[in-house]
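Asks:
Protein chains: 2
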Amino acid sequence: MARFGEPGVLVLLSLSDGAKHGYAITADVLEQTGVRLGPGTLYGSLTKLVERGLIAALPSDDRRRPYEITAAGRAALAAQLATWSRVVQTGQSRLAQA
Amino acid sequence: MARFGEPGVLVLLSLSDGAKHGYAITADVLEQTGVRLGPGTLYGSLTKLVERGLIAALPSDDRRRPYEITAAGRAALAAQLATWSRVVQTGQSRLAQA
DNA sequence: ATACGATGTATCGTATGGCGTAGTAGGAGG
DNA sequence: CCTCCTACTACGCCATACGATACATCGTAT
């Protein structure tokens, strides 16, 4: 059903902090996770997330185009984080027993 | 460089527990994460992970074809889990402040 | 004996996603 | 005025995800 990949999750993560425009999302994701999103990846993800109602475009004052996360986007992010959290805990416990 | 998607991570997670064959991986991933991997996804991932040296095929005694994780696979899994761990912590802290 | 459900692997097709490249353009500073 | 940072758009290749499909084997109950 709701299919979006890792870049989409990182965008939702960044917007969960507050509305941002594309370039600021890139900088935030890089700072928070060390992952560098290129323009193709970033704007492709933004388009898909808008189509799915997980984020919404805000009126652009200047040449920047800000986006905000929606309630559905927060729910999707929370669900994905819960799954990853289980994976991380299971994985780290399994890797620990060498 | 070494790029593999979420199914690949789940396979590595499953094999970090010990060698398993395909069907057993599906069952383990379902139990541990709630994610159901179809045959296409599973065997496609297995092929790619073998090509990248992250897992290795073991000699098959019966009709089962077991795989084991390699040292490189453990390292790749650990790296991915570390990134996800950061994302989960950042995200949950951001979602918490409503 | 046999039918059936569970186990187990493999392949094909394809829509989508990931991501690099290149191009456009405003603003700031030397 | 030239160049570097910011900021977005457009394009396109290729890998990936994943459903559909097929087929072999085992255990078990009837």
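Protein sequences appear in the order of chains A and B. Sequential numbering from 1 applies to the first sequence in this note's numbering. Sequential numbering from 1 applies to the second sequence in this note's numbering. By construction, the Cβ of each residue, glycine as well, lies at the ideal position given by its N, Cα and C atoms. For clarity, every value in this text was computed on a predicted model and none was experimentally measured.
Determine the burial state of B:Y67: buried for a count of at least 16 other Cβ atoms within 10 Å of its Cβ, exposed for fewer.
Replies: In the second sequence, residue 67 of chain B corresponds to position 67, counting from 1. Buried, by the Cβ-count rule.
Asks: Is A:S45 buried or exposed, if buried means 16 or more other CB atoms sit within 10 Å of its CB?
Replies: Against the first sequence, residue 45 of chain A aligns to sequence position 45. When all chains shown are included, A:S45 counts as buried.
Asks: Do A:R86 and B:G34 have their C-beta atoms closer together than 9 Å?
Replies: On the first sequence, position 86 is the one that residue 86 of chain A refers to. On the second sequence, position 34 is the one that residue 34 of chain B refers to. Result yes, Cβ atoms of A:R86 and B:G34 sit closer than 9 Å.
Asks: Do you know offhand how far B:L54's Cα is from A:D17's?
Replies: Stepping through the second sequence from its first residue, residue 54 of chain B is reached at position 54. Stepping through the first sequence from its first residue, residue 17 of chain A is reached at position 17. Roughly 36 Å between the two C-alpha positions.
Asks: Within 9 Å of any Cβ in chain B, is that where the Cβ of A:V11 sits?
Replies: In the first sequence, counting from the first residue as 1, residue 11 of chain A sits at position 11. Not an interface residue.
Asks: Which residues in the same chain as B:Q89 place their Cβ atom closer than 6 Å to its Cβ, once the five residues preceding and following it in sequence are excluded?
Replies: As a working note, residue 89 of chain B is residue 89 in the second sequence. So no residue of the chain qualifies.
Asks: If distances are taken between C-alpha atoms only, which option among A:A96, A:A78, A:R74 and A:H21 comes closest to A:D62?
Replies: Working through the first sequence from its first residue, we reach residue 62 of chain A at position 62. Selected option, being the one with the closest Cα: A:H21.
Asks: How is the beta strand (DSSP E) around B:P66 delimited, first residue to last?
Replies: In the second sequence, the residue the question calls residue 66 of chain B occupies position 66. P66 to I69 is the span of the beta strand (DSSP E), which, as asked, contains B:P66.
Asks: Please report the distance separating the alpha-carbon of A:A79 from that of A:S14.
Replies: The residue you call residue 79 of chain A lines up with position 79 of the first sequence. The residue you call residue 14 of chain A lines up with position 14 of the first sequence. Roughly 16 Å between the two C-alpha positions.
Asks: Quick one: what's got a C-beta closer than 8 Å to B:P59's C-beta in the same chain, skipping five residues either side?
Replies: One-based indexing of the second sequence puts residue 59 of chain B at position 59. Closer than 8 Å at the Cβ level, and outside the excluded window around B:P59, lies no residue.
Asks: With a threshold of 16 other CB atoms inside 10 Å of the CB of B:G8, please say whether the residue is buried or exposed.
Replies: Residue 8 of chain B sits at position 8 when you count from the first residue of the second sequence. Answer is buried; the Cβ neighbour count reaches 16.
Asks: Roughly how many whole angstroms lie between the Cα atoms of B:M1 and B:A76?
Replies: Here residue 1 of chain B corresponds to residue number 1 of the second sequence, with the count starting at 1. Here residue 76 of chain B corresponds to residue number 76 of the second sequence, with the count starting at 1. Confidence in B:M1 is poor, its pLDDT being 35 and thus under 50, which makes the residue's placement too unreliable to answer from.
Asks: Which chain B residues are close to A:G91, counting only those with a beta carbon under 7 Å from its beta carbon?
Replies: By one-based count along the first sequence, residue 91 of chain A stands at place 91. In chain order: L13, S16, L77 and L81.
Asks: Given a limit of 8 Å on CB to CB distance, which residues of the stretch 28 to 49 of chain B reach chain A?
Replies: Going along the stretch 28 to 49 of chain B in chain order, one finds Q32, T33, G34 and V35 with a Cβ nearer than 8 Å to chain A.
Asks: Quick one: residues in its chain with C-beta nearer than 7 Å to the C-beta of A:A72, no 5 flanking neighbours on either side, listed in chain order?
Replies: In the first sequence, counting from the first residue as 1, residue 72 of chain A sits at position 72. For A:A72, where only same-chain residues beyond five positions count, the Cβ hits under 7 Å are G53 and L54.
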